[in-house]
Amino acid sequence: MIILATLLACGAGFISLGEGGLIAWRNAVLLLTGQAAGSLIVLAAGHLLANDWVEAVRDELEPAAWTIVPLAVLALPLTRLAVPEAPAIIPADLMTDARQSWFHDDAIFVRTCILFGGLAGLSIWVSKAGERRFVSAIALAIAAIFFAIGSADWLLLSRPFWWSTLIPFALLVNQMSAALALGFISNLVQREKGDEHAFRSLASGLLALALLSLWVWFSVYLIAWFGNQPDEAGWFLHRMRGTGTLLLGIWLSGNLLGVAILMFSRRRRWSMTAASAGMLAGYIAGMLWLLYPAGLRPLALSDLIPIGVLAGLWLVWLALGQRYYDAAHSGSRSASVIHARSSGSEGGQRSSSPSSENK
1 MIILATLLAC GAGFISLGEG GLIAWRNAVL LLTGQAAGSL IVLAAGHLLA NDWVEAVRDE
61 LEPAAWTIVP LAVLALPLTR LAVPEAPAII PADLMTDARQ SWFHDDAIFV RTCILFGGLA
121 GLSIWVSKAG ERRFVSAIAL AIAAIFFAIG SADWLLLSRP FWWSTLIPFA LLVNQMSAAL
181 ALGFISNLVQ REKGDEHAFR SLASGLLALA LLSLWVWFSV YLIAWFGNQP DEAGWFLHRM
241 RGTGTLLLGI WLSGNLLGVA ILMFSRRRRW SMTAASAGML AGYIAGMLWL LYPAGLRPLA
301 LSDLIPIGVL AGLWLVWLAL GQRYYDAAHS GSRSASVIHA RSSGSEGGQR SSSPSSENK
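Numbering of the sequence shown is given in UniProt numbering, commencing with residue 1 and proceeding in unit increments.
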């Protein structure tokens, strides 16, 4: 049923959407793809660094990474979206034949297909490889290249022209923090109790990503304003018109709220959920602020309808993936629980034996 709904949504996007609708569709696909890719990167980074806290949200991160496959199908209507011509965006003194060829419609289409197909393959590969560090290291390197190329394709061709090497890294941190926040929320909602040590480690990781995201984007802002670069400053000013100011405010307040809560309260379930929800809302607003092309009409309510529809389909795919993951790993989980209980009972018997001997 969900497969049919996904195909119908894809067909509707092909037939009925105009330019404005396709832009909103593109923003929704890229926003959800960032969430899925961020889950993949957090999972691979946790394996590479041998962090035990990844296991606490592994059943949330892996199914989220799998959703790249249906998102690749939902991205097909974007083939009808006209990409702005590079000479109309990039100043003449910076335009070269190589750049004009690189930002040609066909070249962007080929790179987008490689990006979605590569991320889908990486998600399956990392899931099957388990905790093998070699696989995780390769996946992280390839994903970083995909992020750099994808961010250049979808953010660089937007008036006014400006590019910073910090932007791909900033986007990568944004995706990772949002993926960990959503996994955190899902874990807290589904379970009444959990490993307190793992949750504290998760909260520390989430806090570090939130602070890093704020620091990187603030550095980009400083480069634009205090570097005496009018084009770079205009990049920000164009995105502060109309609803852009509201989106930027939600982005900053959501991240700052999450940082404040995680710094002073990590033991209560409601506070950790509120911090994760604030960061997730900030991620959504920030991605819309970045992706919506400058110079067009303000963001309208009709632009949010494709986001709501695709987000609903994505959540259904995520729920099905989690159910499949739970069913596939239920045997290993029960065995680990039995092993932990038996180890605890043996430890209790050993600790009680010296006291009995003393008696």
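Glycine residues also receive a C-beta, built at the ideal position from the N, C-alpha and C atoms.
Being a predicted model, the structure only gives us computed values, none of them experimental.
Proximal residues to residue i (C-beta, below 8 Å), its chain only, five neighbours per side dropped
| i | result |
| --- | --- |
| Ala-277 | Ala-181, Ile-185 |
| Val-29 | Leu-71, Leu-74, Ala-75, Leu-78, Leu-310 |
| Leu-318 | Pro-63, Ala-64, Thr-67 |
| Ile-338 | A caution first: Ile-338 carries a pLDDT of 43, below 50, which makes its placement in the model unreliable, though a value can still be read off. Correct list: empty, nothing qualifies. |
| Ala-9 | Leu-74, Val-309, Leu-310, Leu-313 |
| Leu-206 | Ser-177, Leu-180, Ala-181, Phe-184, Gly-258, Leu-262, Ala-275, Ser-276, Met-279 |
| Val-54 | Val-42, Leu-43, Gly-46, His-47, Leu-61 |
| Asp-52 | Ala-198, Ser-201 |
| Gly-18 | none |
Residues of its chain near residue i, where Cβ-Cβ distance is below 7 Å and the 5 sequence neighbours each way are ignored
| i | result |
| --- | --- |
| Trp-217 | Ala-170 |
| Phe-147 | Pro-168, Leu-171, Leu-172 |
| Ala-335 | A caution first: Ala-335 carries a pLDDT of 45, below 50, which makes its placement in the model unreliable, though a value can still be read off. Closer than 7 Å at Cβ, skipping near neighbours: no residue. |
| Met-240 | Leu-248 |
| Ala-5 | Leu-313 |
Same chain, Cβ closer than 6 Å to residue i, five either side skipped, listed in chain order
| i | result |
| --- | --- |
| Gln-322 | Pro-63 |
| Ala-285 | Leu-247, Ile-250, Trp-251 |
| Ala-143 | Ile-41 |
| Asp-303 | Ala-24 |
| Ile-2 | Val-316 |
| Ser-136 | Ala-44, His-47, Leu-48 |
| Gly-150 | Leu-115 |
Rounded distance between the beta-carbons of residue j and residue i, thought under 8 Å
| i | j | result |
| --- | --- | --- |
| Ala-198 | Ala-37 | Not really, about 24 Å apart at Cβ, beyond 8 Å. |
| Ala-72 | Gly-117 | 7 Å |
| Val-126 | Ser-164 | Contact flag wrong, Cβ pair sits at about 29 Å. |
| Tyr-292 | Asn-27 | 7 Å |
| Asp-59 | Asp-326 | 6 Å |
| Met-287 | Leu-31 | 5 Å |
| Met-272 | Ala-203 | 6 Å |
| Ala-233 | Gly-254 | Contact doesn't hold; Cβ gap of about 24 Å is too wide. |
| Ala-139 | Leu-122 | 5 Å |
| Arg-269 | Leu-188 | 6 Å |
Residue i CB to nearest heavy atom of the ligand HEM below 8 Å
| i | result |
| --- | --- |
| Phe-264 | No copy of the ligand HEM appears in this structure; indeed no ligand is present at all. |
With three or more C-beta pairs closer than 8 Å as the rule, is the stretch 249–264 touching the stretch 204–224? Output reads yes: the stretch 249–264 touches the stretch 204–224.
For the stretch 130–140 and the stretch 38–48, state whether three or more C-beta atom pairs, one from each stretch, are separated by less than 8 Å. For the pair of segments examined, the stretch 130–140 was found to touch the stretch 38–48: the number of CB pairs separated by less than 8 Å reaches three.
Which parts of the stretch 223–298 are runs of the beta strand (DSSP E), unbroken and 3 residues or longer, counting only runs that do not cross its ends? DSSP runs (the beta strand (DSSP E)) wholly in the stretch 223–298: none.
Restricting to runs no shorter than 4 residues, where is the alpha helix (DSSP H) found entirely within the stretch 29–69? Complete alpha helix (DSSP H) runs here, min 4: 58–66.
Report the residue ranges of all beta strand (DSSP E) runs contained in full by the stretch 110–175; include only those spanning at least 3 residues, in chain order. Taken in chain order, the complete beta strand (DSSP E) segments of 3 or more residues contained in the stretch 110–175 number zero; there are none.
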